[in-house]
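Asks: At position 40 of the sequence shown the residue is numbered 40 (the UniProt record's numbering), and the sequence of numbers has no breaks. Dumping the structure here so I can ask a few things about it.
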Amino acid sequence: MNNSRDVFDTAYLKKLMNQKNIIQITRTISINEHEIQCDFIRASGPGGQNVNKVATAVQLRFNVRKCPSLPEDIRERLVRIAGKRITRDGIVIMIARRFRTQEGNRQDAINRLVALIQKAAEKPKPRRQTMPTLASKRRRLDFKDHRRCTKRLRQSSPQADS
1 MNNSRDVFDT AYLKKLMNQK NIIQITRTIS INEHEIQCDF IRASGPGGQN VNKVATAVQL
61 RFNVRKCPSL PEDIRERLVR IAGKRITRDG IVIMIARRFR TQEGNRQDAI NRLVALIQKA
121 AEKPKPRRQT MPTLASKRRR LDFKDHRRCT KRLRQSSPQA DS
């Protein structure tokens, strides 16, 4: 009986260990932590003598085009909203140097990537065409009439020499 309990515990632990490597983005989207590459680089800025010796800043790389867990529409929106953080090859690069520890900066970069993917996962609202209101039409026509009068005053009229 004790042996079967050990088997259950190891299976449960394996499941927990596998879930540890998964980053949950939304209820339906999750990415594997192995799809993210983290390189530690030296952070710039003040910090005394230690800043030149310790690589605490994180450069996170995530290949959007090769990620199998992202649907195609989310990939397209992610490429569009990533802006200058994405390369031509479709790799999102995040640099985090806010904290003084590698793990803090790594978690910060992952959180920023998750926030970016969550923003891309939101479906944009469809645009509903609207008609201009009567008041806006009136304002536009009044402005055009005012502009017409202003330009008419600028025209030079022939003056009679007397």
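Heads up, the beta-carbon is just placed ideally off N, CA and C, and yes, glycines get one too. Only a predicted model underlies this, so the values are computations on that prediction, with no experimental measurement involved.
Looking at the unbroken beta strand (DSSP E) that takes in F62, where does it start and where does it end?
Replies: Counting along the chain, the beta strand (DSSP E) containing F62 begins and ends at 57-63.
Asks: Would you say R147 reaches chain B, if we count a Cβ-Cβ gap shorter than 8 Å as a contact?
Replies: The chain inventory of the structure shown lacks chain B, comprising one protein chain alone.
Asks: May I have the straight-line CA-CA distance separating G104 from I86, to the nearest angstrom?
Replies: Between G104 and I86, the C-alpha separation is close to 23 Å.
Asks: Would you call the stretch 56-69 and the stretch 27-36 in contact, with 3 or more CB pairs under 8 Å?
Replies: Output reads yes: the stretch 27-36 touches the stretch 56-69.
Asks: How would you label M94, buried or exposed, when you count the other beta carbons within 10 angstroms and need 16 or more for buried?
Replies: It is buried - the Cβ of M94 has at least 16 other Cβ atoms within 10 Å.
Asks: What number of angstroms, rounded off, separates the C-alpha of S44 from the C-alpha of T101?
Replies: C-alpha separation (whole angstroms): 14 Å.
Asks: Contact between the stretch 139-153 and the stretch 117-128 is defined here as three or more beta-carbon pairs at a separation below 8 Å; is this criterion met?
Replies: No: fewer than three Cβ pairs fall under 8 Å.
Asks: Less than 6 Å between C-beta atoms, sequence neighbours within five positions excluded: which residues of the same chain meet that for R112?
Replies: For R112, where only same-chain residues beyond five positions count, the Cβ hits under 6 Å are M94.
Asks: Anyone know if the C-beta pair for V114 and I25 falls short of 8 Å?
Replies: Going by C-beta atoms, V114 is nearer than 8 Å to I25.
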